[in-house]
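Please read the structure below before turning to the comments.
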Amino acid sequence: MLTSIENQLTNERSKRIVRKLKNDYRLANSVLELLDDEINQEVMERLQIISEELKELERVQEQIIQQIEVTRG
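Residue numbers for the sequence shown follow our numbering, beginning at 2 and rising by one.
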C-alpha cells in the first residue's frame, strides 16, 4: 500500500517520508517477529515446567492412593 502511495507522489519530500514510513514499518515488523519468537520460547519453557510438575503430582497422587489402600487392607 505504501509503495503505491509512493508511486503516486510527485513531491520528493513526500516520497522520502513514505520511504521512511516503509522502513519503519519493516523494522517494527522485525521487532514484533523477534518478540513473538521470544514469547513463544518462554511459553514453551513454562509449559515444560508445568508438565514436569503435573507428572510429579501424579506420582504423589499414586503414592497417596497406595498408602490409603495399605491402611484399608
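Ideal placement from N, C-alpha and C gives every residue a C-beta, glycine not left out.
Just so you know, these numbers come straight off a predicted model, no measurement behind them.
Cα separation between residue i and residue j?
i     : j     : result
Glu39 : Leu22 : 25 Å
Arg27 : Gln49 : 33 Å
Ile6  : Asn24 : 14 Å
Arg2  : Lys16 : According to the sequence as given, residue 2 is Met; it is not Arg. Approximately 13 Å, taken between the alpha carbons.
Where do the ends of the alpha helix (DSSP H) carrying residue i lie?
i     : result
Met45 : 13–73
Comparing C-alpha positions only, which one of the options sits nearest to residue i?
i    : options                    : result
Thr4 : Ser15, Glu13, Arg60, Val19 : Val19
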